[in-house]
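Please read the structure below before turning to the comments.
4 protein chains.
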Amino acid sequence: MQMKLKPITDIEIDADMNVKDLTAQMLASGGFTAKKLGVACDIVRKMFQEKECTIFLSFPACIISTGTRGVIRKLVEDKLVDVIITTCGMLDHDLARVWRKYYHGDFLMDDADLHRKGINRLGNILIPNESYGIVLEQKMQPILDEIYKSGKKILSSRELAYEFGKRLTDRKSILYWAAKNDIPIFVPGITDGAFGSQLWLFKQQHSDFNVDVMKDEQDLSDIVFTAKKTGAIMLGGGISKHHVIWWNQFRGGMEYAVYLTTAEEWDGSLSGARIREAVSWGKVKENAQYITVEGDATITLPMLVGSVLSSGRPGRH
Amino acid sequence: MQMKLKPITDIEIDADMNVKDLTAQMLASGGFTAKKLGVACDIVRKMFQEKECTIFLSFPACIISTGTRGVIRKLVEDKLVDVIITTCGMLDHDLARVWRKYYHGDFLMDDADLHRKGINRLGNILIPNESYGIVLEQKMQPILDEIYKSGKKILSSRELAYEFGKRLTDRKSILYWAAKNDIPIFVPGITDGAFGSQLWLFKQQHSDFNVDVMKDEQDLSDIVFTAKKTGAIMLGGGISKHHVIWWNQFRGGMEYAVYLTTAEEWDGSLSGARIREAVSWGKVKENAQYITVEGDATITLPMLVGSVLSSGRPGRH
Amino acid sequence: MQMKLKPITDIEIDADMNVKDLTAQMLASGGFTAKKLGVACDIVRKMFQEKECTIFLSFPACIISTGTRGVIRKLVEDKLVDVIITTCGMLDHDLARVWRKYYHGDFLMDDADLHRKGINRLGNILIPNESYGIVLEQKMQPILDEIYKSGKKILSSRELAYEFGKRLTDRKSILYWAAKNDIPIFVPGITDGAFGSQLWLFKQQHSDFNVDVMKDEQDLSDIVFTAKKTGAIMLGGGISKHHVIWWNQFRGGMEYAVYLTTAEEWDGSLSGARIREAVSWGKVKENAQYITVEGDATITLPMLVGSVLSSGRPGRH
Amino acid sequence: MQMKLKPITDIEIDADMNVKDLTAQMLASGGFTAKKLGVACDIVRKMFQEKECTIFLSFPACIISTGTRGVIRKLVEDKLVDVIITTCGMLDHDLARVWRKYYHGDFLMDDADLHRKGINRLGNILIPNESYGIVLEQKMQPILDEIYKSGKKILSSRELAYEFGKRLTDRKSILYWAAKNDIPIFVPGITDGAFGSQLWLFKQQHSDFNVDVMKDEQDLSDIVFTAKKTGAIMLGGGISKHHVIWWNQFRGGMEYAVYLTTAEEWDGSLSGARIREAVSWGKVKENAQYITVEGDATITLPMLVGSVLSSGRPGRH
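Chains as they are written, first to last, in the numbering used here: chain S, 1448 to 1764; chain A, 1448 to 1764; chain F, 1448 to 1764; chain B, 1448 to 1764.
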């Protein structure tokens, strides 16, 4: 055997171990998925050290209903990412949680019973109607009216996210921090959720109001074609992941990519596709640093972010 | 034990067994996921027998790159569904396969090597650049020009799908049959793929050209508010599944729902959510007939469709 | 592009399609997992055509509680396999179902309530205590006594399975057909279940009674070292799969292997390991024909068996 | 809405966060799987505080090939568990790593190439033949000879594990610490792996040598019938998990149970079964504290153990 191999040692765990030390040991010797999580921390740290790397963050809506929203907010608050691509429901949950509360529940609760009580279940999170559809209509329509009256009648999803974000004062909100830190939020499926339905409702009374999805594409084009390097932290699949890698193919692929997922590769889905598949498409560079880490992002993301925070992002002005 | 219980018997399999007989036995005694597939066949058969039930079909793009596209086409060709909601990539693959060929590959091929050869990998399907981006640009731009010159400068995704479909002659194409049979195709994330990028490219030279995503929502509103009953066959999660259940909540939920998925429930995702979660939201009725069947739709869909074809859809004019 | 590629065509489905035709189309064009299922049918058909190939079948206990037991029984009844390796629970369920009935249930039933009713839940199968523990004790102890009194006081798992099988008359039973057709059943974890507990109970009163697990190993050694070629159909992972591939490594690996599984590769488990991992260990030959098919065996196994039955097994005397 | 609900707050993450603080926040607000991991930490902490609770630990072999072995060893070294049930491969890897090294690899390495180099792949761990089969034969046969010559010719798996453990001096070894701390290790599938094959090899020359699997069952019977309370930490499914819950049903079920798994519930397997299924069987008490946490144990176990170490186990002498 002539290969040069790196030996496995054992993780030494103790009662005060911090997250950063644990992921460092996982990189050194965790094996299986732990090793991949260690590699992910390492790649994100390198991404952060790059002077001129545009970092995308993508995630679906569901995670914003959980406390893990705070971990994503930290990335935005500390300007650790540059561009966000997400789904309509992210706007729903971030706004709803600014105005009302979500609650602990259980995956196995009786859904018919919850329905009769006016409570929506999202995994093990409970969302009463008054914390969601009702409050979103109540609060969003006046804001849309204000935006409309200011002369903005046709807006991209990015502009809509910004207009809402800048009107918020809640420092728990991702929209608030994105607006404050000038981090654009793109929502390629803007009609698919409560926020989209409120836009549609508003349009019933204001026929010259509309969404311009092409303007988002123009902005994304400007971002990818001026970027020196690009990288992405992608949580989950679907349209938010795809839109990140789709646009990056037009610049020859990303230099860095970390994908946290629970999806199966074998069904051929975009969500299940490991990052290496994106290499064949030129969405990620052949020589990029990338890793796919399997597991629920509510566990792996806090470990990842906790591990890289201390290094900061010197490259960011 | 006072419960009335139905006993399990054993499946009797033989060399000439047809798909319908097998799924009937699965319903009677398959157990585990086979039982659920049997239930799904039963629910779809009942849906088809309804005189006035609007049936939604949703699916992601990936499956259109495979031969399973033929099974979906059959549903459209035979008018077994009424409304389609899908992703941008569905348009890409259906059109690309009208004009060029896709090929057999393997999940484990070397992606860097494929990239150098100009071949994109989609699971175990190979898509040469000349069968995809190149041909889509070549063929789509003249069609867009024709549509534009006919005076249609601002179109919904449904209108775009129809305009393309009616210009095709390939009887393998889903777009062709949807246009011919007047089955609307909605694409709520219309910018997220090659079709969307071609729209954006076209707009560079035709600034008054645009997509009107609000018009799709108006059409969907009309459909759900006039429907007597609704049902859905949903393949995979993401935006296409969500848009079906999202709109159906506004009419108090669907009467029938079948969901074929590989996604995990425990990550709290919309894709992983079993249909029963939608009951709490009023997206599916409390007394609806519904089932979630785990497994790759390339296997379960042909079995489902093969099992229900013979019963036809007498309720459909 | 100089690679010689095979194009994807579309599956043509019809109302009378039989299982064999469907899997043939899946092989030709199914894509994703359907393609793999098509390949699996093809490999098993080749395995069956081999004149001198010893075919192993492995499976865990759970599937024997379902109607899919009938599909496995067919393989044994028709002498399509030569050696079975399974778990203790397989003996439990096959015997319990000879003497009593199992029932339809649901994954989401209230387990505390079932417990109070004396019903055990196995996925969506219900097993009343009187169909399981109670009847197994009642019926097994006299049979063990009979075996013991015949002078057989120390038996291997294979011998035990045979002794029970030859005393049965129920043509639904796998043990019955295995004994009748002289197909050995090995249970490397013989103590882990109700059958094992009954052995232990019997030993309380008959201290010279025992199980000889080494004798099973000797028999397996004889089988693999005299086999000209070997192949395996493996349903699910765990000890039954491992014991098949473990022993086959001693003869330099199997020539054919089909693995039906739901397990994840990324957790590094034996169950999740794809067959190709076994190539590195010499458990499967480098040039073997093998495939791993993801999905629940209650769906994929009936399709596989339905597809290969017609070709029979000419190589089997 | 009259239900009393606990609101979701956001996780506040910082650069020095330790594992214990993070899991405490996950319990308070993580949502989805993170919440479950938080609950698992809480349950294990309560289990440790019990004065008279017999704690079982079960795990499969694969994880012992990784650095996570160190985390399991810590549980044994610090006497935090009382009984271990595992698979044969656990003995293989613990012993092999006492005598030789394992190495870092990748899930996607070329297995035929590795085979030609004499390297076995276990997920992303590499095991050269000289670190495994070769050294196990070399080192185990003399030890077996020593045991045999001491007059111990028929041993249970527990006795074998102890005899090997007490002959080791490597403080990284789980067998070493289990022997030193008098924590029994049971291996119900003792023949299924390299250790088992070495026993079989030894028996070729020593026909009166044998394994007594019934003796293990007697010992387990003594343990469960004398235990005041019982609890379990179970990593992964298969025979090791089943044997823990199987025996605990005879005392009316466990009081505490934590299960870390990647397996799917929908295939009806024992591995996929959530703990609540065990309630119907009386393997876990109706009023027990239990949780199933989805994800790879190489990530979740270090977080769990890191979180509970500080509380220690006052109830343990």
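Backbone N, C-alpha and C fix where the C-beta goes; we use that ideal spot for every residue, glycine too.
Kindly indicate which residue of the options has the alpha-carbon position closest to the one of residue i.
{"i": "K1627 of chain S", "options": "S:I1637, S:T1616 and S:P1635", "result": "S:T1616"}
{"i": "E1741 of chain A", "options": "S:S1758, S:E1711 and S:G1477", "result": "S:E1711"}
{"i": "Y1609 of chain B", "options": "B:S1597, B:K1596, B:R1618 and B:Y1623", "result": "B:Y1623"}
{"i": "V1523 of chain S", "options": "S:A1720, S:G1612, S:T1638 and S:R1723", "result": "S:G1612"}
{"i": "D1714 of chain B", "options": "F:D1557, F:F1649 and F:T1515", "result": "F:T1515"}
{"i": "G1598 of chain S", "options": "S:K1675, S:R1568, S:Q1651 and S:N1657", "result": "S:N1657"}
{"i": "S1620 of chain S", "options": "S:T1513, S:A1471 and S:V1466", "result": "S:T1513"}
{"i": "C1509 of chain A", "options": "F:G1477, F:A1508 and F:L1527", "result": "F:G1477"}
{"i": "A1641 of chain B", "options": "F:D1557, F:G1678, F:E1593 and F:N1695", "result": "F:N1695"}
{"i": "W1693 of chain B", "options": "F:M1701, F:P1749, F:G1636 and F:S1727", "result": "F:G1636"}
{"i": "V1752 of chain F", "options": "F:Q1472, F:P1454 and F:L1527", "result": "F:L1527"}
{"i": "H1562 of chain B", "options": "F:P1761, F:D1639 and F:V1731", "result": "F:V1731"}
{"i": "N1571 of chain S", "options": "S:H1551, S:D1557, S:S1578 and S:Y1579", "result": "S:H1551"}
{"i": "T1745 of chain S", "options": "B:Y1579, B:D1592, B:K1451 and B:T1470", "result": "B:T1470"}
{"i": "P1761 of chain F", "options": "F:D1666, F:R1605 and F:V1491", "result": "F:V1491"}
{"i": "M1464 of chain B", "options": "S:R1763, S:G1759 and S:P1749", "result": "S:P1749"}
{"i": "E1664 of chain B", "options": "B:D1639, B:G1643 and B:I1632", "result": "B:I1632"}
{"i": "L1607 of chain A", "options": "A:L1474, A:T1638 and A:M1681", "result": "A:T1638"}
{"i": "F1506 of chain A", "options": "A:A1543, A:K1451 and A:V1691", "result": "A:V1691"}
{"i": "M1681 of chain S", "options": "S:T1533, S:V1755 and S:M1473", "result": "S:T1533"}
{"i": "R1763 of chain S", "options": "S:L1756, S:R1547 and S:E1499", "result": "S:E1499"}
Among residues of its own chain, excluding the 5 on either side of residue i, which ones have a beta-carbon nearer than 7 Å to its beta-carbon?
{"i": "K1662 of chain B", "result": "S1603"}
{"i": "R1614 of chain B", "result": "I1590"}
{"i": "Y1595 of chain B", "result": "H1653 and F1656"}
{"i": "G1729 of chain B", "result": "Q1696, G1699 and G1700"}
{"i": "T1747 of chain F", "result": "L1484, L1707 and V1740"}
{"i": "V1634 of chain F", "result": "T1533, T1534, C1535, L1538, S1604 and A1608"}
For residue i, which residues from the same chain have a beta carbon less than 8 Å from its beta carbon, with the 5 sequence-adjacent residues on both sides left out?
{"i": "K1493 of chain A", "result": "Y1703 and Q1736"}
{"i": "D1743 of chain F", "result": "T1709"}
{"i": "S1718 of chain S", "result": "G1683, G1684, G1685, K1688, T1708 and A1710"}
{"i": "M1448 of chain S", "result": "With a pLDDT of only 46 at M1448 of chain S, under the threshold of 50, the placement of this residue in the model should not be trusted; the figure read from the coordinates follows. Closer than 8 Å at the Cβ level, and outside the excluded window around M1448 of chain S, lies no residue."}
{"i": "K1600 of chain S", "result": "H1653, D1655, F1656 and N1657"}
{"i": "Q1588 of chain F", "result": "Q1645, L1648 and F1649"}
{"i": "R1698 of chain S", "result": "V1671, F1672, A1674 and T1677"}
{"i": "L1555 of chain A", "result": "none"}
{"i": "V1466 of chain F", "result": "P1749, M1750, G1753 and S1754"}
So residue i packs on residue j, CB below 8 Å; how close in whole Å?
{"i": "A1559 of chain B", "j": "E1733 of chain F", "result": "4 Å"}
{"i": "R1520 of chain B", "j": "D1457 of chain S", "result": "7 Å"}
{"i": "I1511 of chain F", "j": "I1630 of chain F", "result": "Their Cβ separation, rounded to whole angstroms, is 15 Å, which puts I1511 of chain F and I1630 of chain F out of contact at 8 Å."}
{"i": "G1565 of chain A", "j": "E1459 of chain F", "result": "Actually they are not in contact, since the Cβ atoms of G1565 of chain A and E1459 of chain F sit about 31 Å apart, beyond 8 Å."}
{"i": "A1543 of chain B", "j": "Y1579 of chain B", "result": "5 Å"}
Among the residues of its own chain, which have a CB less than 6 Å from the CB of residue i, if the five just before and after it don't count?
{"i": "A1574 of chain B", "result": "The question names Ala, yet the displayed sequence has Ile at residue 1574 of chain B. Cβ neighbours of I1574 of chain B beyond the five flanking positions: Y1549 and N1567."}
{"i": "T1739 of chain A", "result": "Y1706, R1721 and I1722"}
{"i": "D1529 of chain A", "result": "T1501 and I1502"}
Practice task
Can you give me, in chain order, the residues of the region 1505–1533 of chain F that have a beta carbon less than 8 Å from any beta carbon in chain S?
Solution key: none
Exercise for the section: Could you tell me whether the region 1575–1589 of chain A touches the region 1530–1546 of chain A, where touching means 3 or more Cβ pairs closer than 8 Å? Expected result: Contact between the region 1575–1589 of chain A and the region 1530–1546 of chain A is present: 3 or more CB-CB pairs across the two stretches fall below 8 Å.
Practice task
For the region 1473–1497 of chain A, enumerate the residues whose C-beta is nearer than 7 Å to any C-beta of chain B, in chain order.
Solution key: G1478, F1479 and T1480
Exercise for the section: Would you check if the region 1481–1489 of chain A and the region 1467–1485 of chain F touch, i.e. whether three or more CB-CB distances between them fall below 8 Å? Expected result: When C-beta atoms of the region 1467–1485 of chain F are compared with those of the region 1481–1489 of chain A, fewer than three pairs fall below 8 Å, so the two segments do not count as touching.
Practice task
Would you list, in chain order, the members of the region 1630–1652 of chain A that have their beta-carbon closer than 8 Å to a beta-carbon of chain S?
Solution key: P1635, G1636, I1637, T1638, D1639, G1640, G1643, S1644, L1646, W1647 and K1650
Problem - Where the region 1534–1551 of chain B meets chain S: residues whose CB sits under 7 Å from a CB there - result: K1548, Y1549, Y1550 and H1551
Exercise for the section: May I ask you to list, following chain order, the residues of the region 1672–1694 of chain S that have a beta carbon less than 7 Å from some beta carbon of chain A? Expected result: G1683, G1685, I1686, H1689, H1690 and W1693
Problem - Residues in the region 1719–1750 of chain B having any Cβ partner in chain A nearer than 8 Å - result: E1741
Handout entry: Near-chain A residues of the region 1609–1625 of chain F - C-beta to any C-beta below 9 Å
Key = K1619
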